[in-house]
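J.: Taken in sequence, the protein lines are chains V and X.
Just so we're aligned, residue 16 is where the first sequence starts under my numbering, counting upward by one.
Just so we're aligned, residue 16 is where the second sequence starts under my numbering, counting upward by one.
Number of protein chains: 2
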Amino acid sequence: MSEVLRSAVNRSTTLEDVARVAGVSRATVSRVINGIRNVDPAIQESVRLAIASTGYVPNGAARSLVTRRAGSLALVVSGSGAEADGPAGGEVFTDPFFGRVVSGVFQALRPQGLHPVLMLADAPEAREQALAYLRQGNADGAMVVSTHAEDPMPALLLEAGVPAVLFGRPDRPLPISCVDLANRDGGRLAADHLHARGCRRVVTIAGPSGVRAARDRLAGFHDAMARHGLPYLPHAEADFTQAGGERAITRLLIEHPDTDGVFAANDLMAQGALAVLRDHGRRVPEDVAVVGFDDSSAATAGRPLLTTVRQPVEEMAAEMTRILLDHIARPERGATSVIFEPSLVVRQSA
Amino acid sequence: MSEVLRSAVNRSTTLEDVARVAGVSRATVSRVINGIRNVDPAIQESVRLAIASTGYVPNGAARSLVTRRAGSLALVVSGSGAEADGPAGGEVFTDPFFGRVVSGVFQALRPQGLHPVLMLADAPEAREQALAYLRQGNADGAMVVSTHAEDPMPALLLEAGVPAVLFGRPDRPLPISCVDLANRDGGRLAADHLHARGCRRVVTIAGPSGVRAARDRLAGFHDAMARHGLPYLPHAEADFTQAGGERAITRLLIEHPDTDGVFAANDLMAQGALAVLRDHGRRVPEDVAVVGFDDSSAATAGRPLLTTVRQPVEEMAAEMTRILLDHIARPERGATSVIFEPSLVVRQSA
DNA sequence: AGCATCTGGGAGAGCGCTCTATCCATCAAA
DNA sequence: TTTGATGGATAGAGCGCTCTCCCAGATGCT
Numbered sequence: 016m017s018e019v020l021r022s023a024v025n026r027s028t029t030l031e032d033v034a035r036v037a038g039v040s041r042a043t044v045s046r047v048i049n050g051i052r053n054v055d056p057a058i059q060e061s062v063r064l065a066i067a068s069t070g071y072v073p074n075g076a077a078r079s080l081v082t083r084r085a086g087s088l089a090l091v092v093s094g095s096g097a098e099a100d101g102p103a104g105g106e107v108f109t110d111p112f113f114g115r116v117v118s119g120v121f122q123a124l125r126p127q128g129l130h131p132v133l134m135l136a137d138a139p140e141a142r143e144q145a146l147a148y149l150r151q152g153n154a155d156g157a158m159v160v161s162t163h164a165e166d167p168m169p170a171l172l173l174e175a176g177v178p179a180v181l182f183g184r185p186d187r188p189l190p191i192s193c194v195d196l197a198n199r200d201g202g203r204l205a206a207d208h209l210h211a212r213g214c215r216r217v218v219t220i221a222g223p224s225g226v227r228a229a230r231d232r233l234a235g236f237h238d239a240m241a242r243h244g245l246p247y248l249p250h251a252e253a254d255f256t257q258a259g260g261e262r263a264i265t266r267l268l269i270e271h272p273d274t275d276g277v278f279a280a281n282d283l284m285a286q287g288a289l290a291v292l293r294d295h296g297r298r299v300p301e302d303v304a305v306v307g308f309d310d311s312s313a314a315t316a317g318r319p320l321l322t323t324v325r326q327p328v329e330e331m332a333a334e335m336t337r338i339l340l341d342h343i344a345r346p347e348r349g350a351t352s353v354i355f356e357p358s359l360v361v362r363q364s365a
Numbered sequence: 016m017s018e019v020l021r022s023a024v025n026r027s028t029t030l031e032d033v034a035r036v037a038g039v040s041r042a043t044v045s046r047v048i049n050g051i052r053n054v055d056p057a058i059q060e061s062v063r064l065a066i067a068s069t070g071y072v073p074n075g076a077a078r079s080l081v082t083r084r085a086g087s088l089a090l091v092v093s094g095s096g097a098e099a100d101g102p103a104g105g106e107v108f109t110d111p112f113f114g115r116v117v118s119g120v121f122q123a124l125r126p127q128g129l130h131p132v133l134m135l136a137d138a139p140e141a142r143e144q145a146l147a148y149l150r151q152g153n154a155d156g157a158m159v160v161s162t163h164a165e166d167p168m169p170a171l172l173l174e175a176g177v178p179a180v181l182f183g184r185p186d187r188p189l190p191i192s193c194v195d196l197a198n199r200d201g202g203r204l205a206a207d208h209l210h211a212r213g214c215r216r217v218v219t220i221a222g223p224s225g226v227r228a229a230r231d232r233l234a235g236f237h238d239a240m241a242r243h244g245l246p247y248l249p250h251a252e253a254d255f256t257q258a259g260g261e262r263a264i265t266r267l268l269i270e271h272p273d274t275d276g277v278f279a280a281n282d283l284m285a286q287g288a289l290a291v292l293r294d295h296g297r298r299v300p301e302d303v304a305v306v307g308f309d310d311s312s313a314a315t316a317g318r319p320l321l322t323t324v325r326q327p328v329e330e331m332a333a334e335m336t337r338i339l340l341d342h343i344a345r346p347e348r349g350a351t352s353v354i355f356e357p358s359l360v361v362r363q364s365a
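#1: Quick check on residue 272 of chain V: does DSSP put it in helix, strand or coil?
#2: What is the DSSP secondary structure of residue 54 of chain X, reduced to helix, strand or coil?
#3: Do you know offhand how far residue 132 of chain V's Cα is from residue 304 of chain X's?
#4: Which residue from V:240, V:218, V:185 puts its Cα closest to that of residue 211 of chain V?
#5: Run down chain X in chain order and give the residues with a C-beta less than 8 Å from the C-beta of residue 281 of chain V.
#6: Alpha carbons only, please: which of V:188, V:234, V:316 is nearest the one belonging to residue 261 of chain X?
#7: What separation, rounded to the nearest whole angstrom, lies between the Cα atoms of residue 127 of chain V and residue 337 of chain X?
#8: Anything in chain X within Cβ reach of residue 294 of chain V, meaning under 7 Å, just list it in chain order.
#9: What are the start and end residues of the beta strand (DSSP E) that includes residue 11 of chain V?
#10: Kindly confirm or deny that the stretch 76-89 of chain X and the stretch 72-91 of chain V touch, where touching means at least three C-beta pairs closer than 8 Å.
#11: Which residue spans inside the stretch 148-202 of chain V form an unbroken alpha helix (DSSP H) run of at least 4?
#12: Can you tell which of V:149, V:117, V:48 has its C-alpha closest to the C-alpha of residue 160 of chain V?
#13: Would you mind reading off the limits of the beta strand (DSSP E) that contains residue 295 of chain X?
#14: Which residues in chain X sit within 7 Å of residue 313 of chain V, going by Cβ to Cβ distance?
#15: According to DSSP, simplified to helix, strand and coil, what is residue 245 of chain X?
#16: For residue 68 of chain X, is the classification buried or exposed, using 16 other Cβ atoms within 10 angstroms of its Cβ as the cut-off for buried?
#17: Give me the Cβ distance between residue 323 of chain V and residue 192 of chain V, rounded to the nearest whole Å; I'm assuming they're in contact under 8 Å.
#18: Measuring CA to CA, which of X:155, X:115, X:231 is closest to residue 333 of chain X?
#19: Determine the direct distance from the alpha carbon of residue 171 of chain X to that of residue 72 of chain V, and round the result to whole angstroms.
#20: Looking at the structure shown, is residue 126 of chain X part of a helix, part of a strand, or coil, going by DSSP?
#21: What are the boundary residues of the alpha helix (DSSP H) that includes residue 30 of chain X?
#22: Roughly how far, in whole angstroms, is the beta-carbon of residue 235 of chain X from the beta-carbon of residue 199 of chain X, given that I think they are within contact range, below 8 Å?
#23: For my contact list, residue 289 of chain V and residue 364 of chain V are in at a C-beta cut-off of 8 Å; report their separation, rounded to the angstrom.
#24: With DSSP as the reference, label residue 131 of chain V as helix, strand or coil.
#25: Pair every Cβ in the stretch 282-300 of chain V with every Cβ in the stretch 251-261 of chain V, then say whether three or more of these pairs are closer than 8 Å.
#26: With 9 Å as the C-beta to C-beta threshold (strictly closer), list the residues of the stretch 242-255 of chain X near chain V in chain order.
#27: How would you list, in chain order, the residues of chain V whose beta-carbon sits under 7 Å from the beta-carbon of residue 134 of chain X?
#28: Whose Cβ in chain X lies nearer than 7 Å to the Cβ of residue 49 of chain V?
#29: Below 8 Å, how does it come out for the stretch 105-113 of chain X and the stretch 178-196 of chain X: are there three or more Cβ pairs, yes or no?
#30: Out of X:36, X:75, X:74, point me to the one whose CA is closest to residue 60 of chain X's CA.
#31: From what residue to what residue does the alpha helix (DSSP H) around residue 79 of chain X run?
#32: Within 10 Å of its beta-carbon, does residue 345 of chain X have 16 or more other beta-carbons around it, so buried, or fewer, so exposed?
#33: What residues from chain V crowd round residue 153 of chain X, counting only those whose CB sits closer than 9 Å?
#34: With distances taken from CA atoms, which of V:151, V:182, V:136 is nearest residue 7 of chain V?
#35: Output yes if chain V places a C-beta closer than 7 Å to the C-beta of residue 290 of chain X; else output no.
#36: What residues of chain V sit near residue 109 of chain X, judged by a beta carbon separation below 7 Å?
The following block contains the structure:
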């Protein structure tokens with residue numbers, strides 16, 4: 016009796032225990048649990064009973080050890096290591112963009128019963144930590160959101176043989192899967208709209224030049240504007256934050272007081288522009304039209320409601336997750352990339 | 016030779032391999048890696064060399080199996096299962112509150128080299144999944160952010176013997192650790208400020224009545240206002256979202272057009288109020304003063320800048336994490352709770 | 001010198017699970 | 001009856017690691 020008690024206290028119940036109670040072998044219990052091969056219905060029932068009566072819970076580590084599956088995926092928020100630009104450290108998580116990515120990842124992961132483990136690799140040390148974690152097989156694959164084009168993470172993952180999918184194309188082509196937005200098209204959409212509205216003295220608030228998406232949005236915008244006969248546009252670079260947007264528009268307004276249109280490379284910066292324009296007594300959209308990018312919650316947070324280029328972040332993140340799951344299930348397949356099309360959402364600001 | 020090649024392809028290198036290369040035993044290599052007990056510096060060096068030359072990476076699952084440590088903590092976003100109120104599903108992640116929690120968790124986790132695994136337990140099925148994952152020992156403990164007071168998760172975790180810490184006190188007292196804000200004090204702070212400003216026809220936008228924090232904020236506000244001689248205040252309930260705040264204030268303004276002060280139980284709803292007040296041509300703070308709650312990014316996103324009651328979410332989340340780590344390290348210790356004090360941040364809106 | 005203590009290292013027993021190889025009935029076909 | 005199949009269950013060999021013994025040699029003390 017004391018033996019029983021002691022073991023009940025010290026050890027948690029194992030397959031062995033369940034097998035003993037059910038009067039079958041360990042292997043049979045395992046088969047019932049994993050639902051493979053034919054097991055006599057009567058025995059199945061008695062095993063189930065034994066599981067319930069013992070309160071048995073399989074041990075994840077032991078299972079992982081033999082199946083070589085961790086049962087979790089990593090969501091890596093990765094920076095350059097220098098972070099000269101872009102929001103640093105924990106601030107990344109405050110960006111509505113991050114929440115939308117998580118949301119999309121969950122949409123795709125939920126049916127599979129998997130959970131994402133979050134990793135922040137914004138400094139060399141943190142990156143090594145994350146990489147070690149992944150190499151040890153603590154996660155079956157990685158989804159990477161880079162905040163910087165020079166991010167070495169994708170290449171390192173590739174080298175380590177960790178299945179990975181990127182949110183956003185890498186700067187230099189790599190044989191690695193990714194989802195991305197046709198950012199140039201998005202810039203074009205914004206340009207066409209502002210031009211059609213009659214804006215002729217347009218400025219742009221660019222994202223960090225180290226971020227490919229930011230460059231592409233600006234390039235698309237400038238190309239389209241050039242086609243409309245406006246080849247030279249003043250622009251200021253900011254860090255994708257609202258405060259950065261405020262500083263950028265302030266500078267632009269001093270240098271170009273007659274501005275009648277603003278394109279910001281994301282909604283947060285556009286919102287900063289809106290706030291400063293209001294401080295300066297400019298009416299939006301009457302005096303100055305403003306177009307943002309993303310269609311995040313920031314777009315509808317204030318007044319006027321922001322006209323913006325929609326990036327379907329949730330869908331993109333869900334697709335990223337699905338691609339990763341597919342890579343894990345069928346490692347032999349090559350890299351694939353899916354490019355989403357942006358769309359213009361016209362609200363009040365332009 | 017073919018034997019060597021095959022094993023190099025099929026299996027990843029193990030401790031055994033490293034030991035063979037270094038000419039020592041498995042145990043010694045393990046000791047070097049984990050840095051325990053004295054190992055001759057010369058041997059240490061040769062082991063390190065062998066590790067480098069073989070590209071050895073320890074197997075996390077095998078280690079977990081014997082140490083009974085997963086090396087990760089769960090961050091559970093948990094709902095009631097019904098979700099009659101409060102933001103549902105993936106929307107939780109869009110709330111700036113969530114980002115701040117994640118940020119705080121990372122602050123505390125980073126020095127430990129641990130990573131949080133995210134779990135969404137908003138429906139009974141998802142809750143079971145999450146619970147199973149935790150019981151299997153895939154995480155060493157759980158941090159729980161409940162979106163509803165009736166949330167059964169805390170009690171279930173307690174029952175399962177999973178170390179856990181809550182963000183926000185449970186509705187009914189449980190022997191479980193938590194961090195929380197003195198929400199009543201926060202409500203009082205807002206009331207005193209509005210009253211001192213001269214507001215006498217004040218309305219409140221409450222959070223979901225199923226959320227304890229929301230009730231406490233409102234109660235604190237009402238108590239203080241009653242002490243100031245204003246015992247009856249109109250209020251409307253909303254769901255902590257901006258859209259909900261907009262609906263609530265719209266209703267309140269119809270019923271009480273002479274309103275001169277608004278207290279919202281969080282910044283998102285306050286921002287909704289700001290937007291609608293602007294649509295109605297009311298000036299803030301001249302005609303109507305508005306006080307929010309949280310001091311999230313939403314408070315400084317628009318204009319006027321929001322006067323709000325600050326909740327130090329990041330610090331609270333970091334503390335929650337530290338408490339959990341402590342519980343895991345010293346399971347014998349009892350539950351502790353840490354209550355943070357709110358503070359008023361006066362900006363433009365009141 | 002004799003005994004106790006300490007230090008550095010090895011052998012090997014598990015941790016709890018999966019899964020292959022194997023075995024034993026049972027039953028259809030030759 | 002013999003010979004295979006075949007369904008249903010078992011035994012047992014690992015998966016890769018940690019950690020408790022255990023041992024040999026060096027050191028300290030009386």
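The beta carbon of each residue, even a glycine, is placed where N, CA and C say it ideally should be.
T.: So, from the data block:
#1: Here residue 272 of chain V is taken as the residue at index 257 of the first sequence, counted from 1. In the structure shown, residue 272 of chain V sits in coil (DSSP, three-state: anything other than H, G, I, E or B).
#2: Numbered from 1 along the second sequence, position 39 holds the residue referred to as residue 54 of chain X. If DSSP states are grouped into helix, strand and coil, residue 54 of chain X belongs with coil.
#3: Within the first sequence, numbered from 1, the residue matching residue 132 of chain V stands at position 117. Within the second sequence, numbered from 1, the residue matching residue 304 of chain X stands at position 289. Cα-Cα distance, rounded: 42 Å.
#4: Start at 1 with the first residue of the first sequence, and residue 211 of chain V comes out as number 196. Ranking the options by Cα distance to residue 211 of chain V, first place goes to V:240.
#5: Taking the first sequence and counting its residues from 1, the one referred to as residue 281 of chain V is at position 266. Going along chain X, no residue has its Cβ under 8 Å from residue 281 of chain V, so there is no contact; the nearest lies around 13 Å.
#6: Counted from its first residue, the second sequence places residue 261 of chain X at position 246. The shortest Cα separation from residue 261 of chain X among V:188, V:234, V:316 belongs to V:316.
#7: Within the first sequence, residue 127 of chain V is the residue found at index 112, counting from 1. Within the second sequence, residue 337 of chain X is the residue found at index 322, counting from 1. Approximately 31 Å, taken between the alpha carbons.
#8: Your numbering for residue 294 of chain V matches position 279 in the first sequence. Chain X residues near residue 294 of chain V: 318.
#9: Outside the shown range of chain V, which is 16 to 365, sits residue 11 of chain V, and nothing can be said about it.
#10: yes
#11: 168-175
#12: What you label residue 160 of chain V is simply residue 145 of the first sequence in a count that begins at 1. Nearest C-alpha to residue 160 of chain V: V:117.
#13: Along the second sequence, read from residue 1 onward, the residue named residue 295 of chain X stands at position 280. No beta strand (DSSP E) holds residue 295 of chain X; DSSP gives it neither H nor E.
#14: Mapped onto the first sequence, residue 313 of chain V falls at position 298. Correct list: 316.
#15: Taking the second sequence and counting its residues from 1, one reaches residue 245 of chain X at position 230. Coil.
#16: Residue 68 of chain X sits at position 53 when you count from the first residue of the second sequence. Counting Cβ neighbours within 10 Å, residue 68 of chain X comes out exposed, since fewer than 16 surround it.
#17: Along the first sequence, read from residue 1 onward, the residue named residue 323 of chain V stands at position 308. Along the first sequence, read from residue 1 onward, the residue named residue 192 of chain V stands at position 177. Residue 323 of chain V to residue 192 of chain V, Cβ: 28 Å. No contact.
#18: Looking up residue 333 of chain X in the second sequence gives position 318. Closest option to residue 333 of chain X, Cα to Cα, is X:115.
#19: Position 57 of the first sequence, counted from the first residue, corresponds to residue 72 of chain V. Position 156 of the second sequence, counted from the first residue, corresponds to residue 171 of chain X. Going by the C-alpha atoms only, they are around 15 Å apart.
#20: The residue you call residue 126 of chain X lines up with position 111 of the second sequence. Looking at residue 126 of chain X - three-state DSSP - the assignment turns out to be helix.
#21: Taking the first residue of the second sequence as 1, we reach residue 30 of chain X at position 15. 30-37 is the extent of the alpha helix (DSSP H) around residue 30 of chain X.
#22: Position 220 of the second sequence, counting from 1, holds the residue named residue 235 of chain X. Position 184 of the second sequence, counting from 1, holds the residue named residue 199 of chain X. At roughly 3 Å, the Cβ-Cβ gap stays under 8 Å, so residue 235 of chain X and residue 199 of chain X are in contact.
#23: The residue given as residue 289 of chain V occupies position 274 in the first sequence. The residue given as residue 364 of chain V occupies position 349 in the first sequence. That pair is a contact at about 7 Å.
#24: Residue numbering aside, residue 131 of chain V sits at position 116 when the first sequence is read from its first letter. Correct three-state label for residue 131 of chain V: strand.
#25: yes
#26: none
#27: Taking the first residue of the second sequence as position 1, residue 134 of chain X is located at position 119. Here the neighbours are 130.
#28: Within the first sequence, numbered from 1, the residue matching residue 49 of chain V stands at position 34. Under the 7 Å cutoff, chain X gives no residues; its nearest Cβ is about 14 Å from residue 49 of chain V.
#29: no
#30: Stepping through the second sequence from its first residue, residue 60 of chain X is reached at position 45. For the residues X:36, X:75, X:74, the minimum Cα distance to residue 60 of chain X belongs to X:36.
#31: Indexing the second sequence from 1 puts residue 79 of chain X at position 64. That run of the alpha helix (DSSP H) goes 75-82.
#32: For the purposes of this step, residue 345 of chain X is taken as residue 330 along the second sequence, with counting starting at 1. It is exposed - the Cβ of residue 345 of chain X has fewer than 16 other Cβ atoms within 10 Å.
#33: Position 138 of the second sequence holds residue 153 of chain X. Those within 9 Å of residue 153 of chain X in chain V are 75, 76, 79, 85, 86, 87, 130.
#34: Nothing about residue 7 of chain V can be reported from this structure: the residues present for chain V run from 16 to 365 only.
#35: Your numbering for residue 290 of chain X matches position 275 in the second sequence. Yes, contact with chain V.
#36: Taking the second sequence and counting its residues from 1, the one referred to as residue 109 of chain X is at position 94. Here the neighbours are 111, 114, 115, 118, 312.
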